[in-house]
Amino acid sequence: MAASSLQLPVFKRLEGKVAIITGAANGIGATTARLFAQHGCKVIIADIDDKNGLSVAEEIGPEYALFIHCDVRIESDVQNAVDTTVSRYGKLDIMFSNAGVAGSRDTSILEASPENINLVFETNVFGAFFCAKHAARVMIPARKGSVIFSASAASEVFGITSDTYTASKCAVVGLCKSLCVEMGKYGIKANCVSPYVILTKLGMSIMPTQDRKLAEEIVAEASNFKGKTLTTEDVAEAALYLAGDESKFVSGLNLLIDGGFTTTNTAFQVAVEKILG
Numbered sequence: 000m001a002a003s004s005l006q007l008p009v010f011k012r013l014e015g016k017v018a019i020i021t022g023a024a025n026g027i028g029a030t031t032a033r034l035f036a037q038h039g040c041k042v043i044i045a046d047i048d049d050k051n052g053l054s055v056a057e058e059i060g061p062e063y064a065l066f067i068h069c070d071v072r073i074e075s076d077v078q079n080a081v082d083t084t085v086s087r088y089g090k091l092d093i094m095f096s097n098a099g100v101a102g103s104r105d106t107s108i109l110e111a112s113p114e115n116i117n118l119v120f121e122t123n124v125f126g127a128f129f130c131a132k133h134a135a136r137v138m139i140p141a142r143k144g145s146v147i148f149s150a151s152a153a154s155e156v157f158g159i160t161s162d163t164y165t166a167s168k169c170a171v172v173g174l175c176k177s178l179c180v181e182m183g184k185y186g187i188k189a190n191c192v193s194p195y196v197i198l199t200k201l202g203m204s205i206m207p208t209q210d211r212k213l214a215e216e217i218v219a220e221a222s223n224f225k226g227k228t229l230t231t232e233d234v235a236e237a238a239l240y241l242a243g244d245e246s247k248f249v250s251g252l253n254l255l256i257d258g259g260f261t262t263t264n265t266a267f268q269v270a271v272e273k274i275l276g
């Protein structure tokens with residue numbers, strides 16, 4: 000594809016900026032890559048999924064997108080992604096640490112296995128550390144930048160998914176807040192986006208059923224905000240806000256995109272209805 004197939008908005012909020020998005024071959028990452036490019040950002044699509052990653056880069060076009068194979072569990076892969084970005088574009092403005100896995104759907108701590116714990120933490124937590132470390136390496140001398148992490152509503156309300164996944168996302172939020180303090184003196188922002196359930200490939204993997212229609216019914220019934228369904232575009236818009244200058248004084252935020260799900264506790268109401276009818 001000789002040029003981008005994307006229709007650019009009149010006002011490009013990330014004009015001239017450069018971003019790395021890990022896990023950008025699918026789901027939230029791919030949608031965010033498209034949106035960032037529409038707003039004038041050069042986007043590095045960093046993923047282990049070569050086929051889909053290259054496809055997303057081709058769809059966006061070479062003017063705005065470049066695919067780099069990157070396994071975030073391997074520090075040298077993350078370092079290479081950052082070094083390649085700086086070599087090609089001369090800087091890095093935005094690091095969106097988005098790659099993640101749900102792991103197995105353990106329903107009890109008694110089922111937790113070392114293999115699954117290692118997989119989830121190496122991807123979700125170690126990967127976030129490596130992204131932050133190597134982004135900071137080039138952002139600190141520039142004294143500016145935005146680091147964004149994909150966390151989850153499971154970092155704020157508990158018992159909705161496995162202990163392993165929940166713990167990993169709590170760790171990501173903790174890392175974000177610590178970085179907010181450390182990096183503020185360099186003019187670097189650190190924030191999280193934490194969505195409610197979206198039935199992407201990862202989202203489906205945490206559901207108690209793989210029947211998509213039933214999964215959609217469960218997500219809609221559990222949602223606090225009725226009449227609308229959370230999409231990857233909604234999360235991408237939140238990431239766009241945190242990446243751009245509109246959020247220049249926003250740091251340390253865990254931005255919940257959950258329609259009030261984590262604010263709601265209907266246990267008392269459910270108990271009343273169950274006991275009293």
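Residue numbering for the sequence shown follows numbering that gives the first Met the number 0, beginning at 0 and increasing consecutively. Backbone N, C-alpha and C define an ideal beta-carbon position, used for all residues, glycine too.
Could you tell me the alpha carbon to alpha carbon distance between residue i and residue j, rounded to whole angstroms?
i	j	result
N51	K184	38 Å
S86	N79	10 Å
T230	A111	30 Å
R142	G99	28 Å
S246	V269	39 Å
N137	T83	Per the sequence shown, residue 137 should be read as Val rather than Asn. The alpha-carbon atoms of V137 and T83 are separated by roughly 12 Å.
V171	C191	8 Å
Y63	I159	38 Å
G28	P61	18 Å
L254	A152	9 Å
A101	I205	7 Å
R104	D162	9 Å
Q209	K200	10 Å
L13	I139	20 Å
A235	L34	7 Å
A24	A18	15 Å
A238	F95	8 Å
F10	L275	56 Å
K227	V146	29 Å
How would you write the range of the alpha helix (DSSP H) that residue i sits in, first residue to last?
i	result
D162	D162 to M182
S54	D49 to I59
L34	G26 to Q37
V77	E74 to Y88
Identify whether residue i lies in helix, strand or coil by the three-state DSSP scheme.
i	result
G126	helix
K188	strand
V249	coil
I197	coil
L118	helix
I274	helix
L254	strand
L213	helix
I139	helix
F260	helix
V71	coil
K132	helix
F10	coil
M206	coil
So is residue i buried or exposed if we call it buried at 16+ other beta carbons inside 10 Å?
i	result
M0	At M0 the pLDDT is 42, less than 50, meaning the model places this residue with poor confidence; the figure from the coordinates comes in the next sentence. Exposed, since its Cβ has fewer than 16 Cβ neighbours within 10 Å.
V42	buried
S248	Per the sequence presented here, residue 248 reads as Phe, with Ser not at that position. The residue is exposed, with fewer than 16 neighbouring Cβ atoms inside 10 Å.
I197	buried
F267	exposed
K16	buried
P194	buried
K273	exposed
I108	exposed
G126	buried
G89	exposed
T31	buried
S72	Note on identity: in this sequence residue 72 is Arg, with Ser being the wrong assignment. R72 is buried by the Cβ-count criterion.
N97	buried
T106	exposed
G259	exposed
In the DSSP assignment, find the beta strand (DSSP E) that holds residue i and state where it starts and stops.
i	result
T21	V17 to T21
D46	K41 to D46
V156	Counting along the chain, V156 falls outside any beta strand (DSSP E), and DSSP gives it neither H nor E.
I147	G144 to S149
I301	Any question about residue 301 goes unanswered here, given that the chain covers just 0 to 276.
Alpha helix (DSSP H) runs wholly inside the stretch 216-245, at least 4 long, in chain order: 231-242
Within the stretch 90-117, note down every full beta strand (DSSP E) run reaching 3 residues or more, in order along the chain. 93-96
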